[in-house]
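Only one structure is covered here, and it is reproduced in the block below.
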Amino acid sequence: MNEMIIATKNPGKAKEFKIFFAKYRINAVSLLELSREIDDIDETGTTFEENAALKAKEISALLKRPVLADDSGLVIDALDGQPGVFSARYAGEPKDDQKNIDKVLRELQGVDPSKRTARFLCILAVAVPGERTIFKKGFCEGKIATSQAGHHGFGYDPIFIPDGYTTTMAQLSPDVKNQISHRSDAIIQLEDWVKQLQ
1 MNEMIIATKN
11 PGKAKEFKIF
21 FAKYRINAVS
31 LLELSREIDD
41 IDETGTTFEE
51 NAALKAKEIS
61 ALLKRPVLAD
71 DSGLVIDALD
81 GQPGVFSARY
91 AGEPKDDQKN
101 IDKVLRELQG
111 VDPSKRTARF
121 LCILAVAVPG
131 ERTIFKKGFC
141 EGKIATSQAG
151 HHGFGYDPIF
161 IPDGYTTTMA
171 QLSPDVKNQI
181 SHRSDAIIQL
191 EDWVKQLQ
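1 is the number of the first residue of the sequence shown in the numbering used here; add one for each residue after it.
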């Protein structure tokens with residue numbers, strides 16, 4: 001395998017995967033780099049696995065090439081796993097990071113710090129034509145802060161304090177964040193599979 005389509009139009013995410021696959025002489029190509037426009041795939045699944053698989057399989061069938069897709073989000077124990085698969089649109093349409101953060105902080109008002117445990121979760125799905133879809137799962141455990149802080153990152157980073165740290169993900173340098181992130185953890189899990197292709 002010398003090419004992997006990355007099912008994203010996010011340049012930052014694409015760059016992360018390009019760096020990873022380059023080590024194995026696999027050219028990672030994002031949807032932004034294709035000569036044809038790929039419409040967004042409706043994420044109608046009820047789990048991260050279903051949504052990642054939907055994107056990977058549909059685009060792989062369309063292009064007849066290997067495709068990697070990811071689905072990720074924030075799981076908060078005190079909110080029974082919410083926002084979960086609805087992380088990006090937790091406060092409704094259109095997507096708005098600040099409104100999502102405000103909603104989480106509102107819903108956790110008065111919740112004891114010891115009960116504010118949460119984790120970022122990332123599922124990677126790799127669809128290769130004619131083969132079984134591969135899944136890899138990454139986590140970043142932590143807790144939800146009582147107020148937001150920091151300007152790095154995106155999404156819920158300003159209210160998520162990773163285990164072992166006293167600051168939010170958005171206050172960490174991008175290098176540190178990338179080392180401990182759920183996506184980084186999932187990519188490490190993917191490494192064993194990629195090595196088998198060599």
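Glycine is no exception: its CB is placed at the ideal position from the N, C-alpha and C atoms.
- Of 166, 126, 156, the smallest CA-CA separation from residue 96 is found for 156.
- Where residue 135 is concerned, there is no enclosing alpha helix (DSSP H), although the beta strand (DSSP E) around it starts and stops at 134–144.
- Secondary structure at residue 40: coil, using DSSP grouped into helix, strand and coil.
- Taking C-beta separations shorter than 7 angstroms and ignoring five residues to either side along the sequence, the partners of residue 79 in its chain run 107, following chain order.
- Its Cα nearest to that of residue 128, the residue 67 stands out among 185, 12, 178, 67.
- Excluding sequence positions up to five before and after residue 65, its CB lies within less than 6 angstroms of the CB of 5, all in the same chain and listed in chain order.
- About 6 angstroms separates the CB atoms of residue 52 and residue 70; that is less than 8 angstroms, so the two are in contact.
- Considered as a whole, the segment 91–171 harbours 117–127, 134–144, 160–162 as its complete beta strand (DSSP E) runs of no fewer than 3 residues, in chain order.
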